[in-house]
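Colleague: Please read through the structure below; I'll follow up with questions.
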Amino acid sequence: MAGPDWFSSFMKRNPRLSVRSPQATSLSRATSFNRANVELFFSQLGEVIDKNGFDGSDIWNVDETGVTTVQAPSRVVARRGMKQVGAMTSGERGTLVSVAYAVQALGNTIPPFFVFPRKNFKDHFVQSGPLGSAGSANSSGWMQEEDFLSFLVHFVKHTKVSPERKVLLLLDNHSSHISVRAVDFCKGHGIVLLTFPPHCSHKLQPLDRSVFGPFKRMVNSASDDWMRGNPGKTMSIYDIPGIVRIALPTAATQKNIQAGFQCTGIWPYNCKIFQDYEFAPSQVTDRPDPSGALQQNSSPAHLPPGSSPAHLPPDSSPAHLPPGSCPPYLPPGSSPAHLPPGSSPPYLPPGSSPAHLPPGSYPAHLPPGSSPPYLPPGSYPAHLPPSSSSAHLPPGSYPAHLPPSSSSAHLPPGSYPAHRRPAPLLLTGHTAPLQLTCRPAPLLLTCRPAPL
């Protein structure tokens, strides 16, 4: 196993390497910073620059950062072996004030804009801040739609922008930045807005690359100095503009600002600034491919081979269904003769005949109150031979559709001959299709005692 001596020798052999503290990068940022998003952004940036003839003096970047009343303690010198080293802070949990800052590609800046967590803004809130500072207030202290509109007024005041002298303002796509009122204001004052792709500002925004990092370190250092210069006093939100006034000139130097625009490829314009290895984290993800999911949803291949929409196996029959369930519809040409005795065949399609039923079957096995299924025209009883007699019908049975000229004097009271061709009947009320069977002799139809 490699030890400290090996690591020290390894670093000496590779002077180009150094030990750094990495910045936390969320999964959303890692996956969103991909070549497609970056190429689209630079394509739009190039079109805007060429269309309006912008140069470095016309390109601006604006963003917000938070400054809290409780600073992160800086490093101190302590005796070796001490397990805990403390540093005094202003409180347990601080109150945050948002600071909006705009920088130009050539290194120029405008005074910062503060958003205080108060109901109403007073001018004395920024009295100790940098010269020309402005601000607003809301209950949260975060940038909101009204606050960004106030910042745009502050921006127009210090940049002298107009519809005749347009500028390009680069910013993230926070909801407060792209509201309808903000977009209309920018159109009326010659401000061309271009937003970064979502979750890509850590790579594409100049302020994040070279200004806000040094600014946060200088804020912590200035807060430590303030705590030492004001012993026993708690820092408030009204002291933050004074802290920013000390920290900002050291961090937002012309060199740092120009380096931020250059390392992002915004100015000078360089759409090939990022190498392939910088897009590598976006290629590793456990999220499913959207195109594959769409193809899978649009394909009917979810059913197993040989299965039907009724979800029955190929060799299943109505006899396998539980009591009270209805078997599926049989296609034209199929016969219920293959059903086992006692099972109920489904609806008979046009053209099918009860003659397919096995000899010896009869409808007498139907339970009381049940009704035989609907038989289409031509299915019965026209196929009976002329010699068939209907005198065998039991009392009380009858077909309900005899022509007016028919006679039933030779039949028992209340019965009618079955060889007359009836009109189609649709009988309902049964829970499952019932079997209609016949004798080997002429087909007899047993019906309910009362008319249907």
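1 is the number of the first residue of the sequence shown in UniProt numbering; add one for each residue after it.
Where is the CB? At the ideal position from N, CA and C, for every residue including glycine.
Quick one: which unbroken beta strand (DSSP E) runs of 3-plus residues sit fully inside the segment 31 to 88? Chain order, please.
Modeller: Counting whole runs of 3 or more residues, the segment 31 to 88 contains the beta strand (DSSP E) stretches 59 to 68.
Colleague: Kindly identify the DSSP beta-bridge partner or partners of A280.
Modeller: Translated into the one-based positions of the sequence shown, residue 280 becomes position 280. Per DSSP, none; premise fails for A280.
Colleague: In or out: L101 buried (at least 16 other Cβ within 10 Å) or exposed?
Modeller: Numbered from its first residue, the sequence shown carries residue 101 at position 101. It should be noted that the sequence gives Tyr, not Leu, for residue 101. It counts as buried.
Colleague: Are the beta-carbon atoms belonging to L248 and F215 less than 8 Å from one another?
Modeller: By one-based count along the sequence shown, residue 248 stands at place 248. By one-based count along the sequence shown, residue 215 stands at place 215. Result yes, Cβ atoms of L248 and F215 sit closer than 8 Å.
Colleague: Roughly how many whole angstroms lie between the Cα atoms of A87 and P73?
Modeller: In the sequence shown, residue 87 corresponds to position 87, counting from 1. In the sequence shown, residue 73 corresponds to position 73, counting from 1. Distance between the alpha carbons of A87 and P73: 6 Å.
Colleague: Shortest alpha-carbon distance to S176 belongs to which of A252, L149, T159 and R165?
Modeller: For the purposes of this step, residue 176 is taken as the residue at position 176 of the sequence shown. Measuring from the Cα of S176, the nearest candidate turns out to be L149.
Colleague: What residues in its chain sit with their C-beta under 6 Å from that of F54, if we drop five residues either side in the sequence?
Modeller: Within the sequence shown, residue 54 is the residue found at index 54, counting from 1. Cβ within range, chain order: L168.
Colleague: To the nearest angstrom, how far is the alpha carbon of K272 from that of G265?
Modeller: Walking along the sequence shown from the start, residue 272 turns up at place 272. Walking along the sequence shown from the start, residue 265 turns up at place 265. Distance between the alpha carbons of K272 and G265 is about 8 Å.
Colleague: Using the beta-carbon count (16 or more within 10 Å), is H199 buried or exposed?
Modeller: Stepping through the sequence shown from its first residue, residue 199 is reached at position 199. The residue in question, H199, is buried, as its Cβ has 16 or more Cβ neighbours within 10 Å.
Colleague: At which residues does the alpha helix (DSSP H) containing V219 begin and terminate?
Modeller: Residue 219 sits at position 219 when you count from the first residue of the sequence shown. Residues F212 to G229.
Colleague: Could you tell me whether the Cβ atoms of F10 and S282 are closer together than 8 Å?
Modeller: Here residue 10 is taken as the residue at index 10 of the sequence shown, counted from 1. Here residue 282 is taken as the residue at index 282 of the sequence shown, counted from 1. Taking 8 Å as the Cβ cut-off, F10 and S282 do not qualify as a contacting pair.
Colleague: What did DSSP end up calling V103 once you bin it into helix, strand or coil?
Modeller: The count along the sequence shown starts at 1 and reaches residue 103 at position 103. V103 falls in the strand class under three-state DSSP.
Colleague: Let me know the secondary structure DSSP gives L17 once reduced to three states.
Modeller: Start at 1 with the first residue of the sequence shown, and residue 17 comes out as number 17. In this structure, L17 counts as coil in the three-state DSSP scheme.
Colleague: For T69 versus T109, is the C-beta distance shorter than 8 Å?
Modeller: Against the sequence shown, residue 69 aligns to sequence position 69. Against the sequence shown, residue 109 aligns to sequence position 109. Cβ distance not < 8 Å, so T69 and T109 don't count as in contact.
Colleague: Among F261, V284, S136 and F274, whose alpha-carbon lies nearest the alpha-carbon of D58?
Modeller: The residue given as residue 58 occupies position 58 in the sequence shown. Per the Cα distances, F261.
Colleague: Quick one: using the 10 Å Cβ neighbour count with 16 as the cut-off for buried, is W6 buried or exposed?
Modeller: Residue 6 sits at position 6 when you count from the first residue of the sequence shown. Result: exposed.
Colleague: Buried or exposed: where does P404 fall if 16 or more other Cβ atoms within 10 Å of its Cβ makes it buried?
Modeller: As a working mapping, residue 404 is identified with position 404 in the sequence shown. Confidence in P404 is poor, its pLDDT being 45 and thus under 50, which makes the residue's placement too unreliable to answer from.
Colleague: Please name the residue or residues paired with A134 in a DSSP beta bridge.
Modeller: Reading the sequence shown from its first residue, position 134 is the one you call residue 134. Per DSSP, F113.
Colleague: I need the boundaries of the alpha helix (DSSP H) containing V180, first residue and last residue.
Modeller: Walking along the sequence shown from the start, residue 180 turns up at place 180. V180 to G188 is the span of the alpha helix (DSSP H), which, as asked, contains V180.
Colleague: Can you list, in chain order, the residues of its chain with a C-beta nearer than 6 Å to that of A134? Leave out the 5 residues immediately preceding and following it.
Modeller: For the purposes of this step, residue 134 is identified with residue 134 of the sequence shown, where counting begins at 1. Excluding positions up to five away in sequence, the list reads F113 and H154.
Colleague: Would you kindly report the start and end of the unbroken alpha helix (DSSP H) that includes I240?
Modeller: Numbered from its first residue, the sequence shown carries residue 240 at position 240. From DSSP, the alpha helix (DSSP H) with I240 extends over I240 to A251.
Colleague: Distance, Cα to Cα, H189 vs W60?
Modeller: Position 189 of the sequence shown, counted from the first residue, corresponds to residue 189. Position 60 of the sequence shown, counted from the first residue, corresponds to residue 60. Approximately 15 Å between the Cα atoms of the pair.
Colleague: Quick one: grab the DSSP three-state call for Y398.
Modeller: Within the sequence shown, residue 398 is the residue found at index 398, counting from 1. With a pLDDT of only 48 at Y398, under 50, the local geometry of the prediction cannot be trusted, and the value read off the model is given with reservation. It is coil, neither helix nor strand.
Colleague: So, at 6 Å on beta carbons, what are the nonlocal neighbours of R20 in its own chain, with the 5 sequence-adjacent residues on each side left out?
Modeller: The residue you call residue 20 lines up with position 20 of the sequence shown. Excluding residues within five positions, none has a Cβ falling inside 6 Å.
Colleague: Quick check on this structure: which residue in G229, V38 and N14 has the alpha carbon closest to the alpha carbon of F243?
Modeller: The residue given as residue 243 occupies position 243 in the sequence shown. Reading off the sequence shown, one finds Ile at residue 243, where the question assumed Phe. Cα-wise, what sits closest to I243 is G229.
Colleague: When DSSP labels each residue in this structure, what does H199 get in the three-state scheme?
Modeller: Against the sequence shown, residue 199 aligns to sequence position 199. Note: H199 maps to coil in three-state DSSP.
Colleague: Give the secondary structure of R118 by DSSP, where H, G and I count as helix, E and B as strand, and everything else as coil.
Modeller: Working through the sequence shown from its first residue, we reach residue 118 at position 118. DSSP places R118 in coil when its eight states are reduced to three.
Colleague: Among V67, V38 and V76, whose alpha-carbon lies nearest the alpha-carbon of Q275?
Modeller: Locating residue 275 in the sequence shown gives position 275, where the first residue counts as 1. Of the listed residues, the one whose Cα sits closest to Q275 is V38.
Colleague: According to DSSP, is S162 part of a helix, a strand, or is it coil?
Modeller: Along the sequence shown, read from residue 1 onward, the residue named residue 162 stands at position 162. In the structure shown, S162 sits in a strand (DSSP, three-state: E or B).
Colleague: Take A252 and list the residues in its own chain whose beta-carbon comes closer than 6 Å to its own, dropping the five residues that flank it on each side.
Modeller: The residue labelled residue 252 in the question sits at position 252 within the sequence shown. Excluding positions up to five away in sequence, the list reads T109 and V211.
Colleague: Using a threshold of 8 Å, state whether the C-beta atoms of P197 and F41 are closer than that.
Modeller: Position 197 of the sequence shown, counted from the start, is the residue given in the question as residue 197. Position 41 of the sequence shown, counted from the start, is the residue given in the question as residue 41. Yes, the pair counts as a contact, with Cβ atoms nearer than the cut-off.
Colleague: Using C-beta distances below 6 Å, list every residue in its chain close to A105, excluding the 5 sequence neighbours before and after it, in chain order.
Modeller: Here the question's residue 105 lines up with position 105 in the sequence shown. Correct list, in chain order: G56, I59, F261 and W267.
Colleague: Can the beta-carbon of V97 be found closer than 8 Å to that of V115?
Modeller: Sequence index remark: in the sequence shown, residue 97 carries index 97 (1-based). Sequence index remark: in the sequence shown, residue 115 carries index 115 (1-based). In this structure, V115 lies closer than 8 Å to V97 by Cβ.
Colleague: For Y71, does the count of other Cβ atoms within 10 angstroms reach 16, so buried, or fall short, so exposed?
Modeller: Sequence index remark: in the sequence shown, residue 71 carries index 71 (1-based). The residue asked about is misnamed: residue 71 is Gln in this sequence, not Tyr. Q71 comes out buried.
Colleague: Does P98 come out as helix, strand or coil in the three-state DSSP assignment?
Modeller: Reading the sequence shown from its first residue, position 98 is the one you call residue 98. The question names Pro, but residue 98 is Ser in the sequence shown. Strand.
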